[in-house]
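Numbering of the sequence shown is given in the numbering used here, commencing with residue -7 and proceeding in unit increments. See structure below.
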Amino acid sequence: MVWHVDVCDLTLEALGSIESQRVLEALALWGKLSVGELSDRASVDEASATRVLKKLAAVGLVEEDKEGKYRLAGNKRATMLKSFYIETTIQHMESGIAKLLSRVEELGDKFPEEVDKLIKRYYPVLKENFYWSMVTLIELAEKYKAQHSWYSPRLKPENSCF
């Protein structure tokens, strides 16, 4: 018995999960990454990252190098996907930064954490296209930490210098 495999079905399966979209986005933005780095940047567990990478490699979108790091393949489809992810990220970054800034008080103590998450995930795009916005977010997060840490309800009086 011969099984016929449709390449389109395999490609749709490889692209059809949130994890695969996050992995592709991370590879598009960061370039070569190990499974651990990819897991961290894409916010997926290592087992999911490995499973997704195998599917993406099977359809020719991802390649593994000799050092065990993965990158988008050099073919036209992968190059177009990279452009798509970068352009989409750039388009959404401006509103994402504005939304984060508008929620400073609402986020409270979580604001610096949210800034860290944003920078950790999108640093290459922020550095290239939104450098001063990134610097402003970092400075605001540091200022917020300094201003609010002394009266934080989690800070016990015996640990305070006041």
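All C-beta atoms in this analysis are idealised placements derived from N, C-alpha and C, irrespective of residue type, glycine included. Small disclaimer: the values here were computed from a predicted structure and weren't measured.
Residue range of the alpha helix (DSSP H) that Leu163 falls in?
-> As shown, the chain starts at -7 and ends at 154. That puts residue 163 outside it, with no answer to give.
Quick one: what does DSSP say Phe154 is sitting in, helix, strand or coil?
-> The pLDDT assigned to Phe154 is 30, lower than 50, so where the model puts this residue is not dependable; a value taken from the coordinates is nonetheless given after this. DSSP places Phe154 in coil when its eight states are reduced to three.
Mind checking whether Ile130 and Val96 have CB atoms under 8 Å apart?
-> Against a cut-off of 8 Å, the Cβ pair of Val96 and Ile130 comes out as no contact.
Per DSSP, the bridge partner or partners of Leu64 = Residue pairing by DSSP places Leu64 opposite Val54 in a beta bridge.
By the 10 Å Cβ neighbour count, where 16 or more other Cβ atoms means buried, how is Tyr123 classified, buried or exposed?
-> Counting other Cβ atoms within 10 Å of its Cβ, Tyr123 stays below 16 and is therefore classed as exposed.
If you compare alpha carbons, which of Glu59, Thr42, Lys58, Arg63 is closest to Gly52?
-> Out of Glu59, Thr42, Lys58, Arg63, Arg63 has the C-alpha closest to the C-alpha of Gly52.
Report yes if the C-beta distance between Leu110 and Leu92 is below 8 Å; otherwise report no.
-> It is a contact, given that the beta carbons lie within the stated cut-off.
How is the alpha helix (DSSP H) around Glu106 delimited, first residue to last?
-> Counting along the chain, the alpha helix (DSSP H) containing Glu106 begins and ends at 103 to 121.
Is it right to say Phe103 is buried, meaning 16 or more other beta carbons lie within 10 angstroms of its own, or is it exposed?
-> By the neighbour-count rule (16 or more Cβ atoms within 10 Å), Phe103 is buried.
Using the Cα positions of Glu38 and Ser31, report the straight-line distance between them to the nearest angstrom.
-> Those two C-alpha atoms are separated by around 5 Å.
C-alpha gap between Tyr136 and Glu17, whole angstroms | Taking the straight line joining both Cα atoms gives about 30 Å.
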